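Chains as they are written, first to last, in the numbering used here: chain A, 1 to 292; chain B, 1 to 292. The block underneath contains the structure these notes are about, expressed in structure tokens.
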DNA sequence: GGCAATGCCTGACTAAAGTCAGCTATGTGG
DNA sequence: CCACATAGCTGACTTTAGTCAGGCATTGCC
């Protein structure tokens, strides 16, 4: 704990201050950060508000000032929220892109200024340790919560889940042939659906069905590529088990496909034991159970 | 480099923002930071100015506001700068100490909030990686510069140097019996004196004498306990060699005491070879030379 | 003892950051 | 088609942060 505290102080204060200094070039920091966040690809106003955590009025004013400086233009959104005429999008002008490139360059300068005084060995150790810290901090920022399975973020996860297994199963995946699962099955009291988010982006999900008779059943456990290996799957699994245990279930079961090696490994190391086939799931090759 | 950049973004933005939020409890951040920095032991105004990097007038005003809130008192310094009637010292009142304790507690909360979602193994890896990052970042923040040997920070290093060798040499250390070295010997053009600082605190030093005839000579190489093992000594040594090489010297020499094991190891691994005794230094047991 | 330097303080500013209430245009669900 | 929500904008503020020029007492140095 002491080392976390020291880290927070030393690193965020010192590196943070440096970062700000490199970022703001004459321009107020708020504007510089905003310009950076818009990026060459442009960004919707609402997204910027979320990422930077700014007040709507304040953000609007900042956008206005960047626009006055000729760095950005603001127009109707053409991206994902295309149709909605209320949503607006900020895009860099040529001057804005040039300025953004300077910021990008300075970001490199900052990295260089940290690495230069060190020996080769120290550099390698520092980058390795930074990578580790970053990954683990991201892991610790993942929040898991119960949501209705109809939640748009849950839907997005489920779509990604289906896309992935369709790609990984030997014979593809046709939802019509698999055991169906209606939203109600994952809604209290029949069950629950958990969503894992990182900085409010959905990065994983999992559902549990609380069957009237017999063990509870875990379904639709999925973790986004970007956060694999961070223990997110295991955390979701644990919370699903916890959910069932709290409601009096003595065991949980699940089925899985032989191609999902990491998942199978995780089940085994989480205390699941392989059991005989207990359902007729078309795509399953292994069946597991864990006593709670 | 990319991992340094990603680290800077993720860590300073996310943890930095959290840190600020935890720190400022209703109070402006500047005041909270200042209160924290004063600490239960109190602090001199000049020290606070240095540590927080604030303008003298601004700091004065912040102190005034904390005083008005009954959290601190400001009086004549009683610490190291005791005699000087101009120096003033801030001390926490009972209310201030209570408030400080709350900040301390919140600092723990933040650390806890980072560690809680992780598994035991991840926690260990995170704290280890944080420790590594912190040390290496500190190392990279060490600045080495040429200063007159009369500089108060250089003097402080030399005092620490003498104190340390007096303690480590078998038969103590009496400056009168050692080869004397006047300030002029470390002042251009006769030589140079380097000072290493970390956040403007002196943490190491070293001098080189540019003898009229024969190799240059390195003396008074010292590194503070707190930053040992960070490669600071090796950097100072390298810069001293560089200084001599630039001025046409083909070799540098130095003598050392048999008890200074780390130093001897560093000389050897930096390319120094042991040579026969070349001076009458009372406290030396080994003599080294490196061809530049 | 006089004079420059130092350490801290005050007054008078400015700019940046952030808040809040209300406004307009667009979209949505009955 | 209406009521109501949502996305973003504007005006009118307040607070925080920070700068700069001078001022006063104390110290250090010839």
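Backbone N, C-alpha and C define an ideal beta-carbon position, used for all residues, glycine too. Everything numeric in this text was worked out from a predicted model, so none of it was measured.
Asked	Found
Every unbroken alpha helix (DSSP H) inside the segment 223 to 272 of chain B [4 residues or more]	232 to 246 and 261 to 269
Range covered by the beta strand (DSSP E) that runs through residue 76 of chain A	72 to 76
Under 8 Å by beta carbon: chain B residues contacting residue 136 of chain A	118, 122, 125, 126 and 129
Closest Cα partner of residue 61 of chain B within the set B:44, B:30, B:289 and B:43	B:30
Best match in B:188, B:174, B:229 and B:236 for proximity to residue 209 of chain B [C-alpha to C-alpha]	B:188
Per-residue burial, residue 167 of chain B [other beta carbons within 10 Å of its own, 16 or more giving buried]	exposed
Selection from B:101, B:100 and B:123 that minimises the alpha carbon distance to residue 111 of chain B	B:123
Beta-carbon separation (whole angstroms), residue 92 of chain B vs residue 42 of chain B, contact threshold 8 Å	7 Å
Amino acids of chain B, ordered along the chain, whose beta-carbon sits closer than 8 Å to that of residue 142 of chain A	117
Where residue 132 of chain A meets chain B, residues with beta-carbon distance less than 7 Å	125 and 129
Interfacial residues, the segment 2 to 21 of chain A to chain B, with Cβ spacing under 9 Å	2, 3, 4, 5, 6, 7, 8, 9, 10, 11, 12, 13, 14, 15, 16, 17, 18, 19 and 20
Endpoints, the beta strand (DSSP E) within which residue 159 of chain B is located	Element bounds for residue 159 of chain B: not the beta strand (DSSP E) but the alpha helix (DSSP H), 152 to 168.
Strand pairing of residue 202 of chain B, partner residues [DSSP]	B:197
Buried versus exposed, by CB contacts within 10 Å (16 or more), residue 8 of chain A	buried
Under 8 Å (Cβ pairs) to chain A, residues found in the segment 100 to 112 of chain B	107, 108, 110, 111 and 112
Residue of A:18, A:194 and A:59 minimising C-alpha distance to residue 293 of chain A	This structure gives no information on residue 293 of chain A, because the portion of chain A shown stretches from 1 to 292.
Inter-stretch contact (C-beta, 8 Å, three-pair minimum) for the segment 177 to 191 of chain B and the segment 228 to 239 of chain B	no
DSSP three-state assignment for residue 93 of chain A, whether helix, strand or coil	coil
Straight-line Cα distance separating residue 133 of chain A from residue 139 of chain B	18 Å
Contact check, residue 169 of chain A vs residue 279 of chain A, beta carbons under 7 Å	no
CB of residue 127 of chain A within 7 Å of CB of residue 65 of chain B, strictly	no
Any C-beta of chain A under 7 Å from that of residue 317 of chain B	Chain B is shown only over 1 to 292; residue 317 of chain B falls outside these bounds and no answer can be derived.
Rounded separation between residue 24 of chain A and residue 221 of chain B - CA only	39 Å
Supposed contact pair residue 290 of chain A and residue 251 of chain A - C-beta distance, whole angstroms, cut 8 Å	6 Å
Residue from A:14, A:40, A:45 and A:281 with nearest C-alpha to residue 174 of chain A	A:281
Residue 7 of chain A, DSSP secondary structure in three states	helix
Proximity of residue 237 of chain B and residue 269 of chain B at Cβ, strictly below 7 Å	no
Closest residue to residue 105 of chain A among A:135, A:36 and A:59 (Cα-Cα distance)	A:36
Residue 149 of chain B burial status per 10 Å Cβ neighbour count (16 or more: buried)	buried
Contact residues within the segment 220 to 249 of chain B, judged by C-beta distance below 9 Å to chain A	230, 231, 234 and 235
Spatial distance of residue 301 of chain A from residue 288 of chain A (CA atoms)	Residue 301 of chain A lies beyond the stretch modelled for chain A, which goes from 1 to 292, so this question has no answer here.
Residues that residue 139 of chain B contacts on chain A, provided the C-beta gap is smaller than 8 Å	117, 118 and 122
Residue burial classification, residue 99 of chain B (beta-carbon count within 10 angstroms, cutoff 16)	buried
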